[in-house]
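In my numbering, the protein residues as written are 1 to 537. By construction, the Cβ of each residue, glycine as well, lies at the ideal position given by its N, Cα and C atoms. Just so we're clear, the structure is a prediction, and the values are computed from it rather than from any experiment. So the structure is just underneath, and the comments pick up after that.
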């Protein structure tokens, strides 16, 4: 039996592992302008540099959550962290956008191994009130690191190079590996060691991948009619209809097959990738729906804000990081508040309060954004937003997993993490599409109204959109094109504002989803563990 002191030291390294995984989902954001300048990547590649990491997360996290139950949660954490460190080396030495995206994909593999194992290790090693405190620490770490990432990335990019945004993972990753080996006990499921549901894993990966690909690439290849031919090597998509509707169709088919295949395996007494019986637990089912919708609104805005702060307001990467640090400050304040309220206020109430604060904060950011705004206009709202993230993230995790048997914690935490990561991936894809599409439409309209030749309008708009706003710097330096730069700043500001309002709307839906959590009733989890139907008492 692990001593209490060792257990809390273990939580330190588990939280540090979560920090590193989450930081790498945001650390790259403020470095994007430098990467654009250094590697010459396009706006679509910009989305993929950020999205490929999250996409692989969403596609594989459920698989690795189930595998950790069978082969050991600490073991997968160590393997995942090792892959993460190796891929960080590759990313740091990348000489073109495609290699950087490939490295980010590999990072996603490692991160998908780490995140669900940290959740299930916390679930297995802490009970009662201690579990609530441990989840508060785990969750507030996620909320805080969302904003610490940009600050760290800004400092490294400004004073050294964007490559060090990846290089810093190496020493920290090694510390985590050593610390986990010394302080975190191994944990795995004793029973249910049957064959792994590999077909379910294939269906899961196909479904997640096609959905996010379609959302990101829709504006590039066309949502219905072909806007640009899809090519892989020498092969070109032959259809008159764009490949994007086909991707969405594959998503629907793969999801249907995943559900029917898993249900059939469970009916035959075979293990499935996802224990659908867990959805008989009301807190688990309703909490996952809320988690996905909330994450959709939470993380998408982090894509557009750094671009607006640097290309419109004129801040460097470090200054941008300091602005976003206010989000982390709010999250850390909220973590202390959540710890003090643990046992006094219901977790569901804290989740709802957190979401309401997020809505107020992100909507406030939307109203504050303009081409002439400064940090003082957005920092207070980001602080409020961060408080909401800190309150909602940890306590929602507690709500989702509180009735789940420890033996099922790997699958349950994998499902919960999948819901979050899918929501995050959709948020980046949807809000990124809103940003770049609105910039394209609005800037085209503005330049057309100024009577610019159609060819010049197309050239300027493509330049601004493909560079994710980076072309504004060059336009501003030339006196003849300064009016165009001004129009581009207005368009990017408007696009960022639309994204903020869309995020607030998704968070509003997430709040509505939490209303069903209040009706959570006690479930016979022992019956669920035995593979039978859930009984609600």
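Check                                                                                                                                                                      : Outcome
For residue 59, collect the residues of the same chain with a Cβ closer than 6 Å to its Cβ; drop the 5 residues on either side in sequence, then sort them by chain order. : 205, 208 and 209
For residue 180 versus residue 78, is the C-beta distance shorter than 8 Å?                                                                                                : yes
Just the Cα atoms here: how many angstroms apart are residue 192 and residue 271?                                                                                          : With a pLDDT of only 49 at residue 192, under the threshold of 50, the placement of this residue in the model should not be trusted, and no figure is reported.
Answer yes or no: do residue 295 and residue 354 have a C-beta to C-beta separation smaller than 8 Å?                                                                      : no
Among 243, 450 and 405, which one has its Cα closest to the Cα of residue 125?                                                                                             : 405
With distances taken Cα to Cα, identify the nearest neighbour of residue 83 among 94, 73, 66 and 108.                                                                      : 108
Classify residue 98 as buried or exposed, calling it buried when 16 or more other Cβ atoms lie within 10 Å of its own Cβ.                                                  : exposed
Give the secondary structure of residue 226 by DSSP, where H, G and I count as helix, E and B as strand, and everything else as coil.                                      : coil
Which residue comes first and which comes last in the alpha helix (DSSP H) that contains residue 315?                                                                      : Segment: none, residue 315 is in no alpha helix (DSSP H) and carries neither H nor E.
From what residue to what residue does the alpha helix (DSSP H) around residue 125 run?                                                                                    : 97-125
Run through the stretch 371-441 for me and flag every whole alpha helix (DSSP H) of 4 or more residues, listed as ranges in chain order.                                   : 375-401
Mind checking which residues open and close the alpha helix (DSSP H) that includes residue 254?                                                                            : 243-267
Pull up the distance between the alpha-carbon of residue 439 and that of residue 221, whole angstroms please.                                                              : 17 Å
What are the start and end residues of the alpha helix (DSSP H) that includes residue 601?                                                                                 : Within the shown structure, residues of the chain are numbered from 1 to 537, placing residue 601 beyond reach of any answer.
Roughly how many whole angstroms lie between the Cα atoms of residue 166 and residue 214?                                                                                  : 28 Å
Compare the beta carbon distance of residue 412 and residue 284 with 8 Å and say whether it is the shorter of the two.                                                     : yes
Considering only their Cβ atoms, is the gap separating residue 429 from residue 246 smaller than 8 Å?                                                                      : no
Residues in its own chain within less than 6 Å of residue 364 by CB, not counting five upstream and five downstream?                                                       : 381
Is any non-hydrogen atom of the ligand MN found closer than 7 Å to the C-beta of residue 488, if you look at the structure I gave you?                                     : Absence of the ligand MN from the depicted structure is noted, as is the absence of any ligand whatsoever, leaving it without description.
Quick one: give me the first and last residue of the alpha helix (DSSP H) that residue 349 is part of.                                                                     : 347-368
What do you get for residue 238, buried or exposed, if any count of 16 or more other CB atoms within 10 angstroms of its CB means buried?                                  : exposed
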